[in-house]
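Working notes, structure below.
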Amino acid sequence: MRGEPLASPPALTPTLSRERERRQHEAPLLQVDGVSLDYRTPERVVRATHRVSFDVHAADRFVLLGPSGCGKSTLLKAVGGFIPPVEGEIRLDGRRVTQPGPDRIVVFQEFDQLPPWKTVKQNVMFPLLASRTLGRKEAAERALHYLDKVGLAKFADVHPHQLSGGMKQRVAIARALAMQPRVLLMDEPFAALDALTRRKMQQELLALWDEVRFTLLFVTHSIEEALVVGNRIALLSPHPGRMRAEINSHGFSLASLGGAEFQRTAQRIHDMLFEEEAEAAA
Ligand code: ADP
Ligand code: MG
């Protein structure tokens with residue numbers, strides 16, 4: 695049947711339509727499905743997150759954003775297999791997560807996550823050896839490969855105390871990537887760094903992602919960092935954390951910092967967080 699000419703479809707870049715197509719065919723890599731998480735103390739039960747759901751696809755840079763205390767770290771620990779949900783389920787490749795495993799590696803905020811008596815290279819090799827993923831020779835090769843990727847090949851034989859905070863975080867990232875996890879989990883990894891180093895680390899993380907295309911689940915309470923690092927953002931309400939909104943941020947990068955669209959989106963997110971606080975106070 696011929697009718698009026700159809701309005702032209704919304705312009706989609708080829709990458710974007712391919713991306714949509716891929717998503718329709720591929721099951722999510724990680725599914726967080728109605729997950730509630732509690733802490734039990736002798737006096738009471740503290741609910742950290744309430745029925746949180748989101749899907750992470752392969753090569754996503756998925757950010758959990760929310761105010762301090764909203765349960766971001768707890769969620770990440772649950773994905774890591776360290777805390778069982780009291781409600782709902784977490785699935786990786788369709789299989790229920792019940793315990794920690796080498797397919798999910800966490801990078802923390804603290805600089806002291808590297809045993810100080812091991813050299814940089816030994817630190818990166820350690821999980822590969824401990825999990826019997828590789829033998830000594832292959833582990834050393836892979837460690838050097840990823841140390842090179844984070845620009846620290848020259849520092850392979852020094853000890854962590856000789857490194858700056860940013861360099862220690864690079865080692866932690868190399869150590870995590872060397873395990874080639876299905877999902878890399880990062881809990882405010884740059885929060886303790888000075889502003890300039892933090893910016894540089896964000897830039898390097900994105901460059902690394904461009905090269906390696908790992909799947910990232912990244913926690914932050916910084917709106918700006920979420921927009922820069924993530925392609926998708928889950929906005930969590932204050933304590934106990936509930937899903938407030940999911941925001942598509944793949945159009946933003948370090949280059950968009952300070953731009954009008956970036957500011958508008960940051961403001962919109964800020965308002966959503968603020969609204970929730972005002973509601974909670976009422
Ligand atoms: P975020 O990482 O978003 O700042 P957390 O996941 O650390 O938040 O904490 C979520 C909530 O759970 C907070 O209210 C916090 O006080 C509580 N909480 C965290 N760890 C424990 C614990 N070990 N025992 C009891 N309550 C906890
Ligand atoms: Mg936290």
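Per the numbering used here: the sequence shown = residues 695 to 976. For every residue, glycine included, the Cβ atom is placed at its ideal position computed from N, Cα and C.
- Restricting attention to alpha helix (DSSP H) runs no shorter than 4 residues, the segment 905-941 encloses them at 917-923, ordered along the chain.
- Distances from the alpha-carbon of L967 to those of F956, H944, E940 put E940 closest.
- Taking 7 Å as the cut-off, the C-beta of E882 counts as close to a heavy atom of ligand 2.
- Fewer than three pairs of CB atoms, one per stretch, sit closer than 8 Å, so the segment 779-791 makes no contact with the segment 816-832.
- The beta carbon of K771 sits no closer than 7 Å to any heavy atom of ligand 2.
- Residue R936 holds the alpha-carbon nearest to the alpha-carbon of S730 among H853, R936, K848, F884.
- Between A824 and L838, the C-beta gap is not smaller than 8 Å, which leaves the two residues out of contact.
- Take L871, set aside five residues on each side of it, and the residues of its chain with a beta-carbon closer than 6 Å to its own are Y840, in chain order.
- Under the three-pair Cβ rule at 8 Å, the segment 803-810 counts as touching the segment 884-902.
- For the options G760, R755, D754, S747, the alpha carbon positioned closest to that of H964 is the one of G760.
- Relative to ligand 1, the beta carbon of G788 is positioned no closer than 7 Å to any heavy atom.
- Within the segment 783-863, the complete beta strand (DSSP E) segments at least 3 residues long are 798-801, listed from N- to C-terminus.
- L948 places its beta carbon less than 8 Å from that of Q896.
- DSSP lists L731, G935 as the beta-bridge partner residues of T743.
- Rounded to the nearest whole angstrom, the CA to CA distance from R738 to D732 is 10 Å.
- DSSP places L723 in the coil class of the three-state scheme, outside both helix and strand.
- Nearest neighbour of V923 by Cα position, chosen from R755, L878, R962, turns out to be R755.
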